[in-house]
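As structure tokens, the structure follows; a few thoughts come after it.
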Amino acid sequence: MFSRRFKWDLEPTRFSRLIEEKKRAGARVLDLTESNPTRAGFDYPAEEILGALAQTPAMLYEPAPRGLPVAREAVAGYYAERGFDVDPERIHLTASTSEAYSFLFKLLADQGESVLVPQPSYPLFEFLAALEGVEMLPYELQYVHTAGWRIDFDSVEKAVAPKTRAIILVSPNNPTGSFTKLGEVERLNAICARHGLALIADEVFGDYGFGNDRGRAGSLVLNDPVLTFVMSGLSKVLALPQMKLGWIVTNGPLGLREEAIERLDFIADTFLSVSAPVQHSARAWLGLRRSMQVQILDRVRANLNWLRGATEESPFRLLNVEGGWYATLELPRQFTEEEWALTLLEKDDVLAHPGYFFDFPREAFLVLSLLPPAEEFREAISRILARVERS
Ligand SMILES: Cc1ncc(COP(=O)(O)O)c(C=O)c1O
Numbered sequence: 003m004f005s006r007r008f009k010w011d012l013e014p015t016r017f018s019r020l021i022e023e024k025k026r027a028g029a030r031v032l033d034l035t036e037s038n039p040t041r042a043g044f045d046y047p048a049e050e051i052l053g054a055l056a057q058t059p060a061m062l063y064e065p066a067p068r069g070l071p072v073a074r075e076a077v078a079g080y081y082a083e084r085g086f087d088v089d090p091e092r093i094h095l096t097a098s099t100s101e102a103y104s105f106l107f108k109l110l111a112d113q114g115e116s117v118l119v120p121q122p123s124y125p126l127f128e129f130l131a132a133l134e135g136v137e138m139l140p141y142e143l144q145y146v147h148t149a150g151w152r153i154d155f156d157s158v159e160k161a162v163a164p165k166t167r168a169i170i171l172v173s174p175n176n177p178t179g180s181f182t183k184l185g186e187v188e189r190l191n192a193i194c195a196r197h198g199l200a201l202i203a204d205e206v207f208g209d210y211g212f213g214n215d216r217g218r219a220g221s222l223v224l225n226d227p228v229l230t231f232v233m234s235g236l237s238k239v240l241a242l243p244q245m246k247l248g249w250i251v252t253n254g255p256l257g258l259r260e261e262a263i264e265r266l267d268f269i270a271d272t273f274l275s276v277s278a279p280v281q282h283s284a285r286a287w288l289g290l291r292r293s294m295q296v297q298i299l300d301r302v303r304a305n306l307n308w309l310r311g312a313t314e315e316s317p318f319r320l321l322n323v324e325g326g327w328y329a330t331l332e333l334p335r336q337f338t339e340e341e342w343a344l345t346l347l348e349k350d351d352v353l354a355h356p357g358y359f360f361d362f363p364r365e366a367f368l369v370l371s372l373l374p375p376a377e378e379f380r381e382a383i384s385r386i387l388a389r390v391e392r393s
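Here my numbering is used: the first residue of the sequence shown is 3, the next is one more, and so on.
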């Protein structure tokens, strides 16, 4: 009856069953998996955000595969503010970055073909790819303390298969918080050129960098040695995931780029998924980005600094983070990360993701959201510390 692409077991896991039990028992769980910014106590200018939706032109249905010029110009304006000159004709609007992935998989890969994805990284890739019938082949990010994460290029070369169509990079990556470096982009360009692959850069957390490392690659929107797609969207840029606006910026050698854009027009025209009120609001919303990003950056930096202090003398190792909304703790390996996570939830009412959610290749890691309000974050970390010290 059902497609073979759907290959997931929908039975609740031990972890999700325990979360449900806790909820039923009315426990106040401190949630370090919270990645929804609208639940993290930020001060949103609600009137301005909602007011922008009530514009008369939004009553007109003007189907436009790339999206309305007014919205694409607003996205180009966002890149211009960051110092990147992007022609709005190279922009396609989508309902989210996740939808942007699905469009790119439709564009680039047939059933059974593959894309390379970083490991560890964001777990949704697996579902996005598999639902398009596309296989994901991992390449490794390697961690060297305290230098941080870097791409293991041997693993990239080994992962490229005859049916590989693209390499995905996420910068900064979720959850490692590592930026792609300039030298790495050069090497990725060379590999893509040699094997005829496209580069897909997920830059949703691109505005959330800490420190000022000149070796970091900025946005790849101007990367043109190979066919390149850059994705981002309002879910992170403005902390407004509910408004459902993402985009793809296409670049690359001229002929190839034009052909890709035309084909993306066709795919986007089949769905026309971005609503008119959202498109007409894009300019006003993007004008609010600094006020939102300052709050978020202040919060994640303060939580991260506090975490650094709290873990300095502890049996934890806090991995180097360059940006994004998450931090990773390495725990003593006397228990598996699943056992740590279950114990923390059961006994301490602290919810944190074990590293295997993100395909960490070895034990024992916990991934922590840096978004929760400081008090809640500190209390949760103190409970984790106490638990590890007692164990
Ligand atoms: C790296 C990364 N890419 C894409 C997404 C999805 O973003 P969107 O809400 O725009 O689909 C997320 C969401 O957390 C993410 O972490």
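Glycine residues also receive a C-beta, built at the ideal position from the N, C-alpha and C atoms.
Boundaries of the beta strand (DSSP E) harbouring L201: 200–204, taken from the DSSP string. For T345, the enclosing alpha helix (DSSP H) has its first and last residue at 339–350.
The alpha-carbon of T166 is positioned some 42 Å away from that of P375.
Of the residues M245, L331, E324, the one whose Cα lies closest to the Cα of P317 is L331. In the same chain as A82, and ignoring 5 residues on each side of it, the C-beta atoms closer than 8 Å to its own belong to V88, in chain order. Counted as a single uninterrupted DSSP element, the beta strand (DSSP E) harbouring A329 occupies residues 328–332. In its chain, beyond the 5 residues on either side, R92, D226, L229, T252, N253 have a beta carbon closer than 8 Å to the beta carbon of R259. Excluding its 5 nearest sequence neighbours in each direction, L320 has C-beta neighbours in its own chain below 7 Å: L309, R310, T313, A329, L331, listed in chain order. When DSSP reads this structure, E142 sits in a beta bridge with Q121.
Under the DSSP assignment, W151 falls in the beta strand (DSSP E) whose first and last residues are 150–153. Per DSSP, W10 has no beta-bridge partner at all. V369 sits in a strand when the DSSP states are folded into three classes. Within the segment 224–307, the complete alpha helix (DSSP H) segments of 4 residues or longer fall at 236–239, 256–273, 278–288, listed in chain order.
Under the 10 Å beta carbon count, H147 is surrounded by fewer than 16 other beta carbons and is classified as exposed.
Nearest to P177 by C-alpha distance, out of T15, G150, L199, is G150. Contact check for L373 and R301: beta-carbon distance about 7 Å, within the 8 Å limit, so the pair qualifies. For V172, the enclosing beta strand (DSSP E) starts and ends at 166–172. Distances from the CA of G43 to each of A163, E378, R30 were compared; the closest alpha carbon is that of E378. Distance from the Cα of A66 is smallest, within the candidate group G357, R291, Q281, for Q281. Of the residues M138, L126, S123, the one whose Cα lies closest to the Cα of D112 is M138. By the Cβ neighbour-count rule, G85 is exposed, with fewer than 16 other Cβ atoms within 10 Å of its own. If you draw a straight line from the Cα of V72 to the Cα of A278, it is about 11 Å long. Residue state for H147 is assigned as coil, using DSSP reduced to three classes.
Nearest to M233 by C-alpha distance, out of E49, G211, I202, G220, is I202. In the displayed model, R30 falls within coil according to three-state DSSP, outside both helix and strand. Taking C-beta atoms as the reference points, A131 and K9 fail to come closer than 8 Å. Taking the C-beta atoms as reference points, G235 is found no nearer than 8 Å to L224.
Counted as a single uninterrupted DSSP element, the alpha helix (DSSP H) harbouring L190 occupies residues 184–197. Look at the beta carbons and you see the segment 292–300 touching the segment 206–222: at least three pairs across the two are nearer than 8 Å. The beta-carbon separation of V276 and G69, rounded to 6 Å, stays under the 8 Å limit for a contact.
Under the three-state reduction of DSSP output, G211 falls in the strand class.
Taking 8 Å as the cut-off, the Cβ atoms of L242 and Y80 do not count as close. In terms of side-chain proximity, the C-beta atom of P243 is found nearer than 7 Å to a non-hydrogen atom of ligand 1.
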